[in-house]
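This report refers to the structure that appears directly beneath it.
2 protein chains.
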Amino acid sequence: PVREKVAVLSDKVVDSNPYSRLMALKKMGVVKNYDEIRHKTVVVVGVGGVGSVAAEMLVRCGVGKLLIFDYDKVELANMNRLFYTPDQCGLSKVAAAKKSLSFINPDVEIEDYNYNITTMDNFEHLMGRISNGALGGGAVDLVLSCVDNFAARMSINQACNELGQTWFESGVSEDAVSGHIQLLKPGELACFECAPPLIVASGEDEKTLKREGVCAASLPTTMGIVAGFLVQNALKYLLGFGDPCPAPAGYSALRDHFPTMALRPNPDCASSWCRRRQAEY
Amino acid sequence: PVREKVAVLSDKVVDSNPYSRLMALKKMGVVKNYDEIRHKTVVVVGVGGVGSVAAEMLVRCGVGKLLIFDYDKVELANMNRLFYTPDQCGLSKVAAAKKSLSFINPDVEIEDYNYNITTMDNFEHLMGRISNGALGGGAVDLVLSCVDNFAARMSINQACNELGQTWFESGVSEDAVSGHIQLLKPGELACFECAPPLIVASGEDEKTLKREGVCAASLPTTMGIVAGFLVQNALKYLLGFGDPCPAPAGYSALRDHFPTMALRPNPDCASSWCRRRQAEY
Numbered sequence: 009p010v011r012e013k014v015a016v017l018s019d020k021v022v023d024s025n026p027y028s029r030l031m032a033l034k035k036m037g038v039v040k041n042y043d044e045i046r047h048k049t050v051v052v053v054g055v056g057g058v059g060s061v062a063a064e065m066l067v068r069c070g071v072g073k074l075l076i077f078d079y080d081k082v083e084l085a086n087m088n089r090l091f092y093t094p095d096q097c098g099l100s101k102v103a104a105a106k107k108s109l110s111f112i113n114p115d116v117e118i119e120d121y122n123y124n125i126t127t128m129d130n131f132e133h134l135m136g137r138i139s140n141g142a143l144g145g146g147a148v149d150l151v152l153s154c155v156d157n158f159a160a161r162m163s164i165n166q167a168c169n170e171l172g173q174t175w176f177e178s179g180v181s182e183d184a185v186s187g188h189i190q191l192l193k194p195g196e197l198a199c200f201e202c203a204p205p206l207i208v209a210s211g212e213d214e215k216t217l218k219r220e221g222v223c224a225a226s227l228p229t230t231m232g233i234v235a236g237f238l239v240q241n242a243l244k245y246l247l248g249f250g251d252p253c254p255a256p257a258g259y260s261a262l263r264d265h266f267p268t269m270a271l272r273p274n275p276d277c278a279s280s281w282c283r284r285r286q287a288e289y
Numbered sequence: 009p010v011r012e013k014v015a016v017l018s019d020k021v022v023d024s025n026p027y028s029r030l031m032a033l034k035k036m037g038v039v040k041n042y043d044e045i046r047h048k049t050v051v052v053v054g055v056g057g058v059g060s061v062a063a064e065m066l067v068r069c070g071v072g073k074l075l076i077f078d079y080d081k082v083e084l085a086n087m088n089r090l091f092y093t094p095d096q097c098g099l100s101k102v103a104a105a106k107k108s109l110s111f112i113n114p115d116v117e118i119e120d121y122n123y124n125i126t127t128m129d130n131f132e133h134l135m136g137r138i139s140n141g142a143l144g145g146g147a148v149d150l151v152l153s154c155v156d157n158f159a160a161r162m163s164i165n166q167a168c169n170e171l172g173q174t175w176f177e178s179g180v181s182e183d184a185v186s187g188h189i190q191l192l193k194p195g196e197l198a199c200f201e202c203a204p205p206l207i208v209a210s211g212e213d214e215k216t217l218k219r220e221g222v223c224a225a226s227l228p229t230t231m232g233i234v235a236g237f238l239v240q241n242a243l244k245y246l247l248g249f250g251d252p253c254p255a256p257a258g259y260s261a262l263r264d265h266f267p268t269m270a271l272r273p274n275p276d277c278a279s280s281w282c283r284r285r286q287a288e289y
């Protein structure tokens, strides 16, 4: 059986329909119009341990368009997380991901950018894709941050504050046993600079923290769970069902603990765009 | 770069080492001897939406041996969950899974059984593999139940009660927005029959509940999260770190709610083997 492109999602219950189990969400009253997923565009920045799984989940859910950004290559050291396979080592993560994702679901339009978003030119280009990259033009529906460093998070925060773009931040800890997701709506909810992590507040270069011969731990379980939380809440936001996680939702693996807390914007936020969005809201 | 077999896990921090990020769990003090994973054998019954992802997580974590059981075929209707790809449609799930899993990590020994565990002969064979299928012989370390029906869960419960085998049960709801995992230790914790679901208690044939043209909904997010919880707690149990989830841990996607509760064995359990194990404990 070949997987041919389909234009319209069908709810027909046959083995050959890749969307029957998703369209069943409509029949069961969970989602009013699941079909709307075909018109949604999502940006995923960082397709590593969390981002690649998040991208695969969105693609398998039948999202209309996906834009992926990363500047890293696939290595054997990444094989302890889901998604990439040993034969892809040496390829750029975005090229490897685009190929696998298109093969899994040819209905999804995919744009891939193999660059570091924190340089001036690339940042401007990212801003352009967020504001004009949607299916049919215009702003994308959602940005997912799946990066592993604060510089990249600050760039995404800056872009989304300027554009008034809703986004989700995600992350896993260096010891692999905790993680978090956070919904950010410029002006309405705290931005990433409203309550910056210590390393950002101190202005220190995070590269100085890396030690020779020591690497962060990672687990396919923790990263899969964080990607699952992230895309689950992205689906709730995009399709309007349930409560999209309103604030940082943590996950601690050692005790199966899931703390959440509300985070209002900081009136003294260091980001002038955040303060401007607060005034508008 | 080719992925060659390795006999011993290395903690060397180089791009070409597929285990550096896992061995870092030891350096960071999370797991005392991560290397022990190489000597562990895990059974996964059911390699559908939850089981296939659980199997992939275990394989990427470097488990020594995996035994997989299923009697189903891959269909396009399964493409809304992680793991299987469209080119595998028509293959048995265990054959497709074994091929992908061996390619991802050739260090893992894999046994696959393409049969229904609930028939008399197959049940006896399953019992034999649980009690003798470990690396080097003897009983396996853990059984993971990732099946989608009560008859199969009852068979696993029966086998594990008879053998005194610790196992985890898992499941997702028909509307795709909730799920659970449960640790079962014969005699010490409630077995699956101690507090049976209504359909089991009533003795009704669950097949009569299926309606023509209606199928269960499923989401790669919910199934990935449940698989992540399941294997995270399996790792904690196998390697002795953190608290392995002691009782049913639920997940409700709509409100990001995670209920847990303690479940002691039922002295009046319908399973005579459960009552015998309770007396021993």
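Residue numbers (our numbering), protein chains in the order written: chain F, 9 to 289; chain Z, 9 to 289.
Backbone N, C-alpha and C define an ideal beta-carbon position, used for all residues, glycine too.
Everything numeric in this text was worked out from a predicted model, so none of it was measured.
Any C-beta of chain F under 7 Å from that of residue i
{"i": "I207 of chain Z", "result": "Residue placement at I207 of chain Z is poorly supported in this model, since its pLDDT is 48, which falls under 50; the coordinates still yield a value, given next. Taking Cβ atoms only, chain F never reaches closer than 7 Å to I207 of chain Z, which makes this a no."}
{"i": "A103 of chain Z", "result": "no"}
{"i": "N41 of chain Z", "result": "no"}
{"i": "P254 of chain Z", "result": "no"}
{"i": "V38 of chain Z", "result": "yes"}
{"i": "L33 of chain Z", "result": "yes"}
{"i": "I138 of chain Z", "result": "no"}
Chain-ordered neighbours of residue i on chain F, where CB pairs are closer than 7 Å
{"i": "S226 of chain Z", "result": "R29"}
{"i": "P275 of chain Z", "result": "Near P275 of chain Z there are no residues of chain F at all, since even the closest Cβ is about 28 Å away, more than 7 Å."}
{"i": "T229 of chain Z", "result": "M65, G236, V239, Q240 and L243"}
{"i": "P26 of chain Z", "result": "L84, A85, M87 and N88"}
{"i": "L109 of chain Z", "result": "Those do not exist, as L109 of chain Z stays about 11 Å from chain F at its closest Cβ, beyond 7 Å."}
DSSP three-state assignment for residue i, whether helix, strand or coil
{"i": "V53 of chain Z", "result": "strand"}
{"i": "A257 of chain F", "result": "strand"}
{"i": "L84 of chain F", "result": "helix"}
{"i": "E119 of chain Z", "result": "strand"}
{"i": "D23 of chain F", "result": "coil"}
{"i": "L192 of chain Z", "result": "strand"}
{"i": "G59 of chain F", "result": "helix"}
{"i": "L66 of chain Z", "result": "helix"}
{"i": "A209 of chain F", "result": "Its pLDDT being 48, under 50, A209 of chain F is placed unreliably in this model, and the value from its coordinates should be taken loosely. Helix."}
{"i": "V180 of chain F", "result": "strand"}
{"i": "S186 of chain Z", "result": "strand"}
{"i": "L171 of chain Z", "result": "helix"}
{"i": "S100 of chain Z", "result": "strand"}
Interface residues of chain F facing residue i [CB-CB closer than 8 Å]
{"i": "Q166 of chain Z", "result": "Residues of chain F passing the Cβ test: none, with the nearest at roughly 28 Å."}
{"i": "I233 of chain Z", "result": "G232, I233, G236, F237 and Q240"}
{"i": "V222 of chain Z", "result": "V21, A32 and K35"}
Continuous beta strand (DSSP E) stretch holding residue i: start and end
{"i": "G236 of chain Z", "result": "Looking at the DSSP string, G236 of chain Z is not in any beta strand (DSSP E); the run it does join, the alpha helix (DSSP H), is P228 to L247."}
{"i": "F77 of chain F", "result": "K73 to D78"}
{"i": "V151 of chain F", "result": "L150 to S153"}
Endpoints, alpha helix (DSSP H) assigned at residue i
{"i": "E132 of chain F", "result": "M128 to N140"}
{"i": "S28 of chain F", "result": "S28 to K35"}
{"i": "S18 of chain F", "result": "Where S18 of chain F is concerned, there is no enclosing alpha helix (DSSP H), given that its DSSP letter is neither H nor E."}
{"i": "E288 of chain F", "result": "S280 to E288"}
Under 8 Å from the C-beta of residue i: neighbouring residues of chain Z
{"i": "G250 of chain F", "result": "V185, A261, L262 and R263"}
{"i": "R68 of chain F", "result": "M87, N88, R89, L90 and P228"}
Chain-ordered chain Z contacts of residue i [CB-CB under 9 Å]
{"i": "R11 of chain F", "result": "L84, M87, T93, P94, D95 and C97"}
Contact set between residue i and chain A, taken where Cβ atoms lie within less than 7 Å
{"i": "A257 of chain F", "result": "Chain labels in this structure do not include chain A; the protein chains are F and Z."}
Test: residue i CB closer than 7 Å to a CB of chain Z
{"i": "L143 of chain F", "result": "no"}
{"i": "A15 of chain F", "result": "no"}
{"i": "C154 of chain F", "result": "no"}
{"i": "A62 of chain F", "result": "no"}
{"i": "I76 of chain F", "result": "no"}
{"i": "I112 of chain F", "result": "yes"}
Partner residues on chain Z for residue i, Cβ-Cβ distance less than 7 Å
{"i": "K73 of chain F", "result": "None at all; the shortest Cβ gap to chain Z is about 18 Å."}
Closer than 9 Å at the beta carbon, the chain F residues around residue i
{"i": "D23 of chain Z", "result": "K81, E83, L84, A85, N86 and C97"}
{"i": "M269 of chain Z", "result": "Correct list: empty, because the minimum Cβ distance to chain F is about 13 Å."}
Open item on the list: I'd like to know if the stretch 58-65 of chain F and the stretch 39-47 of chain F are in contact, where contact means that at least 3 CB-CB pairs between them fall below 8 Å.
Closed with: By the Cβ test, the stretch 58-65 of chain F is not in contact with the stretch 39-47 of chain F, since fewer than three Cβ pairs between them sit closer than 8 Å.
Open item on the list: Measuring CB atoms only, is the stretch 136-148 of chain Z touching the stretch 184-192 of chain Z, in the sense that at least three cross pairs come out at less than 8 Å?
Closed with: Taking a cut-off of 8 Å on C-beta distances, the stretch 136-148 of chain Z does not touch the stretch 184-192 of chain Z, as fewer than three cross pairs fall below it.
Open item on the list: Whether or not the stretch 72-92 of chain F and the stretch 102-120 of chain F are in contact is what I'm after, with contact meaning three or more pairs of Cβ atoms, one per stretch, closer than 8 Å; do they touch?
Closed with: Look at the beta carbons and you see the stretch 102-120 of chain F touching the stretch 72-92 of chain F: at least three pairs across the two are nearer than 8 Å.
Task: the stretch 23-39 of chain F contacting the stretch 81-99 of chain Z, beta-carbon criterion three pairs below 8 Å - done: As far as the Cβ criterion goes, the stretch 23-39 of chain F touches the stretch 81-99 of chain Z, which means the pair count is three or higher.
Open item on the list: Under 8 Å: do the stretch 252-262 of chain Z and the stretch 240-253 of chain F share three or more Cβ pairs, one atom per stretch?
Closed with: Short answer: they touch.
Open item on the list: Would you call the stretch 170-187 of chain Z in contact with the stretch 223-243 of chain Z, where contact means no fewer than 3 C-beta pairs closer than 8 Å?
Closed with: With the cut-off at 8 Å, the stretch 170-187 of chain Z and the stretch 223-243 of chain Z touch.
Task: Stretch-stretch touch, CB-based, cutoff 8 Å, three pairs: the stretch 166-173 of chain Z with the stretch 125-136 of chain Z - done: Touching, per the Cβ criterion.
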